[in-house]
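Residue numbers (this note's numbering): 166 to 542.
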Ligand SMILES: Cc1ncc(C[n+]2csc(CCOP(=O)(O)OP(=O)(O)O)c2C)c(N)n1
């Protein structure tokens, strides 16, 4: 299906505003909405999927028009609360249309973090009283019109409707290309970080390609990745996992390697960490101003840096670096001080086409990581 056809049909049922968090299954849809650049739809990349539901609710109050909220099915957890406690017809009855990328569809092969979420996606919508249709590459225009007619009827009744999108549904029609202005290559920055911290620290890394690059680089440098806990799902929670470890034993140094999209998703963690100020935690944010791992849509990063935010939240030290040399200096400096620090590393939009994926399961990663941690006690 062409995204342009989909857009024409949602316009016909009165959709005017689109908000969400990008997903690789929805890449063609996301590219098309970015290229539209506000001509047909108002579009917002939200901090997280729940925030997109909030935006959709407010826009409905002011404009009497339902919005479209798009998300990967991993984002269902983030929408449950605003859906149940705001939008549901037993509360305010706010109509909206969800477009949900289906990772981990039963019967298909996908990454470990998607398997359970993929299995429960339809069940979750049933429980949330959101009727849905599933579309794929074979869905015709006529079928889409029928689905949207159902959605329209449901929304007229102040309810929500979901369209679950299988992998490969949207065909390549156009590509949204943009660049940030930074030169440092993320994988090289990660290698420099590992060279400086791997041997003396335990690392909690974020969702997406940052973890995959760290996995390969630690194997290349040290022949193992046992000191690396890859937060393959649960985007935005790596820094709190790192804190959970840091608070348990102040003598162990914990390094969280985060992404800017992930930090933005649950930014309250910065305020919490600033208040707790664990001496043994180093928080590194790899900022490419994009959700690079799922197709490089901009995160909505305003240019007000995370290191500024960290300082405002009470991190005693925060560095902003743009080159390999600056990164090394910041790592040495942060290592020599015993206090909570953030290093924000501005990097280019880049990743290798042949980047691999972890070979072991998530559970094996957890077991090996815990063994390494407890062995050294
Ligand atoms: C709750 C949730 N929403 C969306 C996703 C899909 N997703 C996986 S990685 C990623 C982008 C992460 O962006 P960022 O943290 O900036 O790191 P980058 O990919 O740019 O390195 C997204 C949106 C997800 N895994 N979980």
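The beta carbon of each residue, even a glycine, is placed where N, CA and C say it ideally should be.
All values reported here derive from a predicted model rather than from experimental measurement.
- Judged by their CB atoms, residue 337 and residue 190 are not nearer to each other than the 7 Å cut-off.
- Counting of Cβ neighbours within 10 angstroms places residue 348 among the exposed residues, the total staying below 16.
- In the DSSP assignment, residue 452 falls within the unbroken beta strand (DSSP E) covering 446-452.
- A direct Cα-Cα distance of roughly 34 Å separates residue 376 from residue 232.
- Per the Cβ contact rule, the stretch 303-315 is not in contact with the stretch 234-251 (fewer than 3 Cβ pairs under 8 Å).
- For residue 215, same chain residues with a beta-carbon under 7 Å away, outside a window of 5 residues either side, are 243, 244, 246, 247 in chain order.
- Check the Cα spacing between residue 488 and each of 447, 368, 452: the tightest is with 452.
- DSSP, reduced to helix, strand and coil, places residue 388 outside both helices and strands of the structure shown, so it counts as coil.
- In its chain, beyond the 5 residues on either side, 182 have a beta carbon closer than 6 Å to the beta carbon of residue 207.
- Contact between the stretch 386-397 and the stretch 439-449 is absent: fewer than 3 CB-CB pairs across the two stretches fall below 8 Å.
- The alpha-carbon of residue 522 is positioned some 42 Å away from that of residue 254.
- Cβ contact annotation for residue 497 (same chain, cutoff 8 Å, sequence separation greater than five): 361, in chain order.
- For residue 237, the distance from the CB to the nearest heavy atom of ligand 1 is below 6 Å.
- Residue 425 has its CB nearer than 6 Å to a heavy atom of ligand 1.
- Counting other Cβ atoms within 10 Å of its Cβ, residue 352 reaches 16 or more and is therefore classed as buried.
- For residue 477 and residue 428, the gap between their C-alpha atoms comes out near 15 Å.
- Listed as beta-bridge partners of residue 255 by DSSP are no residues whatsoever.
- Measuring C-alpha to C-alpha distances from residue 193 to each of 167, 464, 213 identifies 167 as the nearest.
- A distance below 6 Å between beta-carbons, with the five flanking residues on each side excluded, links residue 317 to the following residues of its chain, in chain order: 178.
- Residue 395 has its CB no nearer than 6 Å to any heavy atom of ligand 1.
- Residue 413 counts as exposed, since fewer than 16 other beta carbons sit within 10 angstroms of its beta carbon.
- Distance from the CA of residue 418 to the CA of residue 484, rounded to the nearest whole angstrom, comes to 18 Å.
- Inter-residue distance for residue 532 and residue 279 is about 20 Å (C-alpha atoms, whole angstroms).
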